[in-house]
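Engineer: Below: one structure in structure tokens.
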Amino acid sequence: MSAAPKRRVGVLISGGGSNMAALIAAARDPAYPAEIVCVVSNVADAGGLAKAEAAGVTARVVDHKGFADRESFERAVVAVLEAHEVEIVALAGFMRLLTPWFIERWRDRLINIHPALLPAYKGLHTHARALADGVKIVGCTVHFVRPEMDVGPIIVQAAVPVADDDTPDTLAARVLTQEHRIYPLALARVASGAARVVADADGRERVATRDLAGPDAALISPL
Ligand code: GAR
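The opening position of the sequence shown corresponds to residue 344 in our numbering, with each subsequent residue numbered one higher.
Put into structure tokens, the structure is as follows:
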């Protein structure tokens, strides 16, 4: 029996692309249910572009500054994704807000990673804000994207304990290590169909994960 075809994934970046690199590395496994077929950056000198090319993945720049409005920028991004027959889009440090048009175009096939335990600490400077609040557990989240920023059904989270001497940078580094674990895991679940969005009678959405016997206990990192 031949293996199920891999789902075709496009990754959108704006920066260093370490999460993108983690997805590319995971997808090298022949058993992984997705392949990364292209990377698009809205920033011309994003470090992730060279990493993608070094890994043999097509990398394109669509610089938002060259477009009159968000939607025309996004139409250019979609043209690249469609040219590569992309089925799933993964935002990996992509720092542009997307319009409802784009988000609906990829509904339940558009995922994002955020460096906090959503729904806490949406937006920017998550680690500095968490330290200022004195919280003891932080983390990261992969979720399906909805039009509101950093909102959407949660696919996987990892928890990271805060140390007394943590700075925003030390915390960011430990959280990033967990991001690199959970993003490939979450994408695999989406690509294989194991993670899917279900809604309750009130229309509130969450992700149901097939074959998950208990809680994701491994997703709590050591201090
Ligand atoms: C990651 O920490 C990611 O979670 C964050 O940007 C960083 C990108 O790093 N994303 C956001 O803050 C989105 N709201 P990377 O380019 O090395 O993957």
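We put the beta carbon where it would ideally sit given N, CA and C, even for glycine.
The model shown is predicted, which means the values in this text are computed figures rather than measured ones.
Compute the Euclidean distance between the alpha carbons of His-427 and Asp-507, then round it to the nearest angstrom.
Structural biologist: Taking the first residue of the sequence shown as position 1, residue 427 is located at position 84. Taking the first residue of the sequence shown as position 1, residue 507 is located at position 164. Whole-angstrom Cα-Cα distance: 47 angstroms.
Engineer: From Pro-373 to Leu-366, what does the alpha carbon distance come to, in whole angstroms?
Structural biologist: By one-based count along the sequence shown, residue 373 stands at place 30. By one-based count along the sequence shown, residue 366 stands at place 23. When rounded, the distance between both Cα atoms is 13 angstroms.
Engineer: Please classify Pro-504: does DSSP put it in a helix, a strand, or coil?
Structural biologist: Reading the sequence shown from its first residue, position 161 is the one you call residue 504. Three-state result, Pro-504: strand.
Engineer: Between the C-alpha atoms of Ala-397 and Cys-381, what's the straight-line distance to the nearest angstrom?
Structural biologist: Your numbering for residue 397 matches position 54 in the sequence shown. Your numbering for residue 381 matches position 38 in the sequence shown. Cα to Cα, the separation comes out at about 13 angstroms.
Engineer: Which of helix, strand or coil does DSSP assign to Glu-425?
Structural biologist: Mapped onto the sequence shown, residue 425 falls at position 82. It is helical.
Engineer: Quick check on Thr-484: does DSSP put it in helix, strand or coil?
Structural biologist: What you label residue 484 is simply residue 141 of the sequence shown in a count that begins at 1. The answer is strand: DSSP assigns Thr-484 an E or B state.
Engineer: Please identify the residue among Val-405, Ala-542, Met-363, Asp-545 whose C-alpha is closest to the C-alpha of Ile-456.
Structural biologist: If you number the sequence shown from 1, residue 456 lands on position 113. Per the Cα distances, Met-363.
Engineer: Rounded to the nearest angstrom, what separates Leu-528 and Glu-414 at their Cα positions?
Structural biologist: Position 185 of the sequence shown holds residue 528. Position 71 of the sequence shown holds residue 414. C-alpha separation (whole angstroms): 31 angstroms.
Engineer: Using a Cβ distance threshold of 8 angstroms, determine whether the region 483-499 contacts the region 441-451, with at least three qualifying pairs required.
Structural biologist: Yes, the region 483-499 touches the region 441-451.
Engineer: DSSP on Gly-466, reduced to helix/strand/coil?
Structural biologist: Walking along the sequence shown from the start, residue 466 turns up at place 123. Correct three-state label for Gly-466: coil.
Engineer: Of the residues Thr-484, Pro-504, Asp-509, Ile-379, which one's Cα is nearest the Cα of Ile-497?
Structural biologist: Counting from one through the sequence shown, the residue named residue 497 turns up at place 154. Closest by alpha carbon: Thr-484.
Engineer: Using the rule of at least 16 other Cβ atoms within 10 Å of the residue's Cβ for burial, across every protein chain shown, is Ile-480 buried or exposed?
Structural biologist: Within the sequence shown, residue 480 is the residue found at index 137, counting from 1. Exposed, because fewer than 16 other Cβ atoms sit within 10 Å of the Cβ of Ile-480.
Engineer: Within the same chain, show all residues whose beta-carbon is closer than 8 angstroms to that of Lys-465, passing over the 5 residues directly before and after it, in chain order.
Structural biologist: For this step, residue 465 is matched to residue 122 along the sequence shown. Correct list, in chain order: His-457, Ala-459, Met-492, Asp-493, Val-494.
Engineer: Of the residues Ala-502, Arg-450, Gly-536, which one's Cα is nearest the Cα of Asp-554?
Structural biologist: Taking the sequence shown and counting its residues from 1, the one referred to as residue 554 is at position 211. The candidate whose alpha carbon is nearest that of Asp-554 is Gly-536.
Engineer: Who does Leu-325 pair with in a DSSP beta bridge?
Structural biologist: Since the first residue of the chain shown is 344 and the last is 566, residue 325 is not available in this structure.
Engineer: Which of helix, strand or coil does DSSP assign to Arg-371?
Structural biologist: One-based indexing of the sequence shown puts residue 371 at position 28. Reduced to three states, the DSSP call for Arg-371 is coil.
Engineer: Would a C-beta distance cut-off of 8 angstroms place Val-429 and Arg-539 closer than the cut-off?
Structural biologist: Your numbering for residue 429 matches position 86 in the sequence shown. Your numbering for residue 539 matches position 196 in the sequence shown. The answer is no: Cβ separation not under 8 angstroms.
Engineer: Does the ligand GAR have a heavy atom nearer than 7 angstroms to the CB of Ser-564?
Structural biologist: Sequence index remark: in the sequence shown, residue 564 carries index 221 (1-based). Answer for Ser-564: no, Cβ out of range of the ligand GAR.
Engineer: Among Tyr-375, Leu-355, Pro-511, which has the Cα closest to the Cα of Ala-347?
Structural biologist: Here residue 347 is taken as the residue at index 4 of the sequence shown, counted from 1. Looking at the Cα atoms, Tyr-375 is the closest of the given residues.
Engineer: Can you give the Cα-Cα distance for Ala-544 and Asp-412, rounded to whole angstroms?
Structural biologist: Here residue 544 refers to the residue found at position 201 of the sequence shown. Here residue 412 refers to the residue found at position 69 of the sequence shown. Taking the straight line joining both Cα atoms gives about 37 angstroms.
Engineer: Suppose you measure from the CA of Leu-461 to the CA of Ala-501; what does that come to, to the nearest Å?
Structural biologist: The residue you call residue 461 lines up with position 118 of the sequence shown. The residue you call residue 501 lines up with position 158 of the sequence shown. Going from the Cα of Leu-461 to the Cα of Ala-501 covers about 11 angstroms.
Engineer: Classify Glu-491 as helix, strand or coil using the three-state DSSP reduction.
Structural biologist: Along the sequence shown, read from residue 1 onward, the residue named residue 491 stands at position 148. Glu-491: coil per DSSP, three-state reduction.
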